[in-house]
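Residue numbers (our numbering), protein chains in the order written: chain Z, 2 to 410; chain F, 197 to 330. Every residue, glycine too, gets a C-beta built ideally from N, C-alpha and C. Heads up: the structure comes next, in structure tokens.
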């Protein structure tokens, strides 16, 4: 017994030194995998267009374009690409057409990011001759990420053209059981910007297929089909599904960035860098005027699942490009309990306290990102966190009942 | 539209030049030098054919995803980056071939090449040889 005790201590210490265990991987099938498994039954004998980018891959990593180009009985006529282009790499405001080689053919790639909200809507002439429009893109789970707005506009265009609209579902990569943030209150903003398209909370917890069903309550397209995921559970993160992670946009390199994006992304409506052009997009905030040490000190230890440390950087693009910035690095230590909208509230209020002169919102954009006018009133009145918490908690409460009819999982 | 019209009028008044809008066209083939074919990536690739004016400004870009070489290309008005172009504008053509999908942002390991001589809109049978790895 006397000799066993030190051994036990060594074993415990050794276990502590090991990296955190990798998440268990489930055998989830994406909508594309299910379509393949069912022999493309939903598309047999049809001439189809597919809205996709490089995230549209099956479990083996094969692009949906190659899969459909080779699918027996399916005629792939055109590909439509969203913001960031087919490669999900462009940061251009307007993306041109391209073509893609697949199945020994050249297929046109029509850009659905051709300028403004109307440049995101498929044109009637581009839908002419199609029997079905298929959507297969990995979303990120935040209302202001534009891929699902692309889907919404395409659903409307398909309804107008009288053709089928088929969503090959994909997991919400940051879980489907957590909902956070205010519900977008102004329905007319969807006419102005894809970042404020759906009247849902900032972190909506829906899959693409569920969002299509949500939007179809207004569109009422009778030919909407969602090819459901198999094996997905709402509490899963993307890396627990066994499906490959393909960075869905240039500044979304990994799941950590995605997990913070619904909160830190809101600061894109301010004069703060959110880490674009640094190795830590959406995991770092900075500015030349930032009192980084004081900010980190005010935040560290106050929130569950996240740590804050001082880290100075020079962003290579976007806000403060080429300028030395004081900054704070955000490190997620427990993603299951970390809440990005709570992180946003605390960081924002700390900035208001530390930088009443320097830190500024662009209020039109902030309204689109946060979704409610009330935020500005509270901010300018000097309200404290309890008031903001109350504003932010209302969205999930209201949404939990209204979203129930569209939940597929 | 009004910008293109203003450009047309201004250009016409000042120099009598004729602007292209809907009838811009360049066709040809991008070839990969045999010496590079082993090293060149086969999947998740992007080929850009870029036309620049005499000032070195890109005026048109044609993109082909996952090209198979030799890759025929046909540039038209959809590829224009400018509202209009002078009909007799001399253009230099080059190709960028990479796996990151960004044009005009060469990285180490990318492939590149150019057409041997300048062309004008309407040119056919242009040959662009990708013969360099950066």
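How long is the line joining the alpha carbons of residue i and residue j, rounded to whole angstroms?
| i | j | result |
| --- | --- | --- |
| residue 210 of chain F | residue 269 of chain F | With a pLDDT of 44 at residue 210 of chain F, under the threshold of 50, the predicted position of this residue should be treated as unreliable, and no value is reported. |
| residue 311 of chain F | residue 257 of chain F | 14 Å |
| residue 321 of chain F | residue 265 of chain F | 15 Å |
| residue 136 of chain Z | residue 357 of chain Z | 45 Å |
| residue 325 of chain F | residue 176 of chain Z | 48 Å |
| residue 20 of chain Z | residue 234 of chain Z | Since pLDDT at residue 20 of chain Z reaches only 45, below the 50 mark, its modelled position is unreliable, and the value read off the structure follows with that caveat. Cα-Cα distance, rounded: 26 Å. |
| residue 246 of chain Z | residue 240 of chain Z | 7 Å |
| residue 157 of chain Z | residue 120 of chain Z | 14 Å |
| residue 398 of chain Z | residue 181 of chain Z | 9 Å |
| residue 53 of chain Z | residue 138 of chain Z | 5 Å |
| residue 161 of chain Z | residue 339 of chain Z | 42 Å |
| residue 110 of chain Z | residue 226 of chain F | 19 Å |
| residue 314 of chain F | residue 203 of chain Z | 52 Å |
| residue 410 of chain Z | residue 277 of chain Z | 34 Å |
| residue 219 of chain F | residue 273 of chain F | 7 Å |
| residue 212 of chain Z | residue 341 of chain Z | 21 Å |
| residue 105 of chain Z | residue 367 of chain Z | 47 Å |
| residue 265 of chain Z | residue 231 of chain F | 47 Å |
| residue 228 of chain F | residue 288 of chain F | 18 Å |
| residue 224 of chain F | residue 155 of chain Z | 34 Å |
| residue 83 of chain Z | residue 113 of chain Z | 5 Å |
| residue 220 of chain Z | residue 214 of chain Z | 9 Å |
| residue 404 of chain Z | residue 394 of chain Z | 16 Å |
| residue 401 of chain Z | residue 391 of chain Z | 16 Å |
| residue 267 of chain Z | residue 283 of chain Z | 10 Å |
| residue 212 of chain F | residue 255 of chain F | Caution applies to residue 212 of chain F, whose pLDDT of 40 falls short of 50 and renders its modelled position unreliable; the model cannot decide the point. |
| residue 381 of chain Z | residue 349 of chain Z | 13 Å |
| residue 201 of chain Z | residue 185 of chain Z | 6 Å |
| residue 328 of chain F | residue 248 of chain F | 19 Å |
| residue 194 of chain Z | residue 94 of chain Z | 13 Å |
| residue 248 of chain Z | residue 287 of chain Z | 23 Å |
| residue 389 of chain Z | residue 408 of chain Z | 28 Å |
| residue 330 of chain F | residue 291 of chain F | 13 Å |
| residue 196 of chain Z | residue 284 of chain F | 42 Å |
| residue 222 of chain F | residue 99 of chain Z | 15 Å |
| residue 337 of chain Z | residue 304 of chain Z | 13 Å |
| residue 126 of chain Z | residue 353 of chain Z | 50 Å |
In terms of DSSP beta bridges, what is residue i paired with?
| i | result |
| --- | --- |
| residue 227 of chain F | F/325 |
| residue 85 of chain Z | According to DSSP, residue 85 of chain Z bridges with nothing at all. |
| residue 393 of chain Z | DSSP, once it has assigned bridges, lists no residue as partnering residue 393 of chain Z. |
| residue 413 of chain Z | Not covered by the structure: residue 413 of chain Z. The range shown for chain Z is 2 to 410. |
| residue 49 of chain Z | Z/77, Z/133 |
| residue 30 of chain Z | Z/231 |
| residue 318 of chain F | Residue 318 of chain F pairs with nothing; no bridge assigned. |
| residue 270 of chain F | F/223 |
| residue 238 of chain Z | Z/175 |
| residue 294 of chain F | F/242 |
| residue 307 of chain F | F/293, F/329 |
| residue 100 of chain Z | Z/109, F/260 |
| residue 254 of chain F | F/248 |
| residue 287 of chain F | F/315 |
| residue 64 of chain Z | Z/58 |
| residue 364 of chain Z | Answer is none; residue 364 of chain Z lacks a bridge partner. |
Under the assumption that residue i contacts residue j (Cβ atoms under 8 Å), give the Cβ distance between them as a whole number of angstroms.
| i | j | result |
| --- | --- | --- |
| residue 205 of chain Z | residue 299 of chain Z | Going by Cβ atoms, the distance from residue 205 of chain Z to residue 299 of chain Z rounds to 30 Å, so no, they are not a contact pair. |
| residue 328 of chain Z | residue 293 of chain Z | 6 Å |
| residue 371 of chain Z | residue 183 of chain Z | 6 Å |
| residue 75 of chain Z | residue 49 of chain Z | 6 Å |
| residue 229 of chain Z | residue 170 of chain Z | 6 Å |
| residue 70 of chain Z | residue 103 of chain Z | 4 Å |
| residue 326 of chain Z | residue 280 of chain Z | Incorrect: roughly 13 Å between the Cβ atoms, too far for contact. |
| residue 333 of chain Z | residue 260 of chain Z | 6 Å |
| residue 242 of chain Z | residue 29 of chain Z | 4 Å |
| residue 426 of chain Z | residue 331 of chain Z | Because chain Z in this structure spans residues 2 to 410, residue 426 of chain Z falls outside the shown range and cannot be described. |
| residue 88 of chain Z | residue 63 of chain Z | Between residue 63 of chain Z and residue 88 of chain Z the Cβ distance is about 16 Å, and since that is not below 8 Å, they are no contact. |
| residue 168 of chain Z | residue 210 of chain Z | 5 Å |
| residue 244 of chain F | residue 280 of chain F | Wrong, their Cβ atoms sit about 22 Å apart, outside the cutoff. |
Which residues, in chain order, does the region 227-260 of chain F contribute to contact with chain Z at a C-beta distance below 8 Å?
-> 240, 242, 257, 258, 259, 260
Checklist line | Interface positions of the region 74-92 of chain Z facing chain F (Cβ-Cβ less than 8 Å), listed along the chain | finding: 86, 87, 88, 89, 90, 91
Of the residues that make up the region 43-56 of chain Z, which ones have a beta carbon closer than 8 Å to any beta carbon in chain F? 55
For this session: Please list the segments of the alpha helix (DSSP H) lying wholly inside the region 111-162 of chain Z, counting only runs of 4 or more residues, in order along the chain.
Result: 125-128, 148-162
ask   = What are the residues of the region 260-279 of chain F that lie near chain Z, defined by any Cβ-Cβ distance shorter than 7 Å?
value = 260, 261, 262, 263, 264, 274, 275
For the region 292-309 of chain F, list every residue whose C-beta sits within 7 Å of some C-beta in chain Z, in sequence order. 296, 297, 298
Please give me, in chain order, every unbroken run of the alpha helix (DSSP H) with length at least 4 that falls completely inside the region 271-339 of chain Z. 293-300
Item checked: Segments of 3+ residues assigned as beta strand (DSSP E) that fall wholly inside the region 177-215 of chain Z -> 181-184, 202-204
Practice prompt. Closer than 9 Å, Cβ to Cβ, to anything on chain F: give me those residues from the region 169-203 of chain Z, in chain order.
Written response: none
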